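When we follow the numbering used here, the leftmost residue of the sequence shown carries the number 817, and every step to the right adds one.
Backbone N, C-alpha and C define an ideal beta-carbon position, used for all residues, glycine too.
Please read all numbers here as calculations on a predicted model, not as lab measurements.
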Amino acid sequence: MRVLVTGGAGFLGSNLVDALVARGDTAIALDDLSTGSRTNLKPGVTLRVADVSNEAALYQAVTGQEFEVIVHCASKTKVVESMEKPELYRRVIVDGTRNVLALARDRRARMLVNISTGGAIYGETPTCATEETKTEPPSNYGKFKLEAERLAAEAPIPTISLRLGNIYGPRQRTDLEGGVVAIFAAAWKRGQPLTVFGDGEDQRDYVYVGDAVDAIT
C-alpha cells in the first residue's frame, strides 16, 4: 500500500512512516519542516516539502506521487500560541485540512485518516471523555481541530478522525507544548529538578507513540 503522511517528518508522523515502511508499505512524507526534521526520516524515505495550507504548493509537491491512503498529521500544536495567532492556526488546521481532503478526493484516495486531538476539544471533564461527551474547546487550537473534524466528516470520501492526546515517545521535542514526558526525562538526565505546576494532584492520560501508531495502522 502507498501512504501519504502529512507532517511526516514530525514526531508522530515520522514514527508512523517507520512503521509503514517496516511492514512493507511505501510511505511518502510531506512536511513544511517548521517543527519536523529530515533527520527523523530514515534513508530511502521520500520527503516532499510543502505547507498544507498552500494548496498550489501541496499539489505541486505530490506531482508524480501515487498513494491510496492519506494520514493527515500536519498541524500547528501550541494551545497558547493559537490564542495569540488565530489566523495562522485557522489557516494551517482548517484550510490545510480542507486542502488535503480536496487532494484525497482528486487523487481518488481510498481513505483519509485525520489526526485530531482529545483534551483540547473536550476541555475539562469530570470523568474520562467518550465520543458522546459534549465538545467544549476552550482554545482556538481545539476549536479549529473540531472544525477540521467536521470537514472530514462531510467529505465525499471515507474518513476517520482520531482524537489522540498527550502522546510521548522517541523524537518528541522538549520545546513544544504537551511534551511533558520528554521535558521531564531530559531534566532527569541532566540532574535538574522536575517542575510541576499546581498542587501535583492533577491527572492526565498519556499514550505511547508506538501505541498511537498501532491504532492508526
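Range of the contiguous alpha helix (DSSP H) that encloses residue i
i: residue 943; result: Counting along the chain, residue 943 falls outside any alpha helix (DSSP H), and DSSP gives it neither H nor E.
i: residue 976; result: Segment 975–978 is the beta strand (DSSP E) holding residue 976; no alpha helix (DSSP H) there.
i: residue 966; result: 956–969
i: residue 1027; result: 1025–1032
i: residue 833; result: 827–838
i: residue 996; result: 996–1005
i: residue 992; result: Counting along the chain, residue 992 falls outside any alpha helix (DSSP H), and DSSP gives it neither H nor E.
i: residue 874; result: 871–877
Assumed close pair residue i, residue j - CB separation to whole angstroms, cut-off 8 Å
i: residue 965; j: residue 977; result: 4 Å
i: residue 1025; j: residue 985; result: 3 Å
i: residue 842; j: residue 818; result: 5 Å
i: residue 971; j: residue 921; result: 7 Å
i: residue 878; j: residue 820; result: 7 Å
i: residue 861; j: residue 888; result: Actually they are not in contact, since the Cβ atoms of residue 861 and residue 888 sit about 18 Å apart, beyond 8 Å.
i: residue 989; j: residue 998; result: 7 Å
i: residue 847; j: residue 824; result: 5 Å
Own chain, CB closer than 6 Å to residue i, minus 5 neighbours either side, in chain order
i: residue 876; result: none
i: residue 927; result: 885 and 974
i: residue 1028; result: 980 and 983
i: residue 1003; result: 1010
i: residue 881; result: 844
Own chain residues within Cβ distance below 7 Å of residue i, not counting five before or after
i: residue 925; result: 883, 884, 885, 886 and 973
i: residue 899; result: 955 and 956
i: residue 1012; result: none
i: residue 987; result: 827, 830, 831 and 856
i: residue 912; result: 868, 869 and 890
i: residue 871; result: 915
i: residue 1020; result: 982
i: residue 951; result: 937, 938 and 962
i: residue 854; result: 825 and 863
Cβ shell of residue i (< 8 Å), same chain only, five flanking positions each side left out
i: residue 961; result: 891, 909, 932, 933, 936, 937 and 953
i: residue 1036; result: Nothing about residue 1036 can be reported from this structure: the residues present for the chain run from 817 to 1033 only.
i: residue 874; result: 846, 866, 867, 868, 915, 916 and 919
N-terminal and C-terminal residue of the beta strand (DSSP E) that residue i is part of
i: residue 1012; result: Neither: residue 1012 is in no beta strand (DSSP E) and is coded neither H nor E.
i: residue 845; result: 842–847
i: residue 928; result: 927–931
i: residue 861; result: No beta strand (DSSP E) holds residue 861; DSSP gives it neither H nor E.
i: residue 822; result: 818–822
Q: Could I get the ranges of all uninterrupted beta strand (DSSP E) runs contained in the stretch 884–925, with 3 residues as the minimum, in chain order?
A: Runs of the beta strand (DSSP E) spanning 3 or more residues and lying entirely within the stretch 884–925 occur at 885–888, in chain order.
Q.
Tell me whether the stretch 891–899 and the stretch 831–842 touch, counting them as touching only if at least three CB pairs, one residue from each stretch, are closer than 8 Å.
A. no
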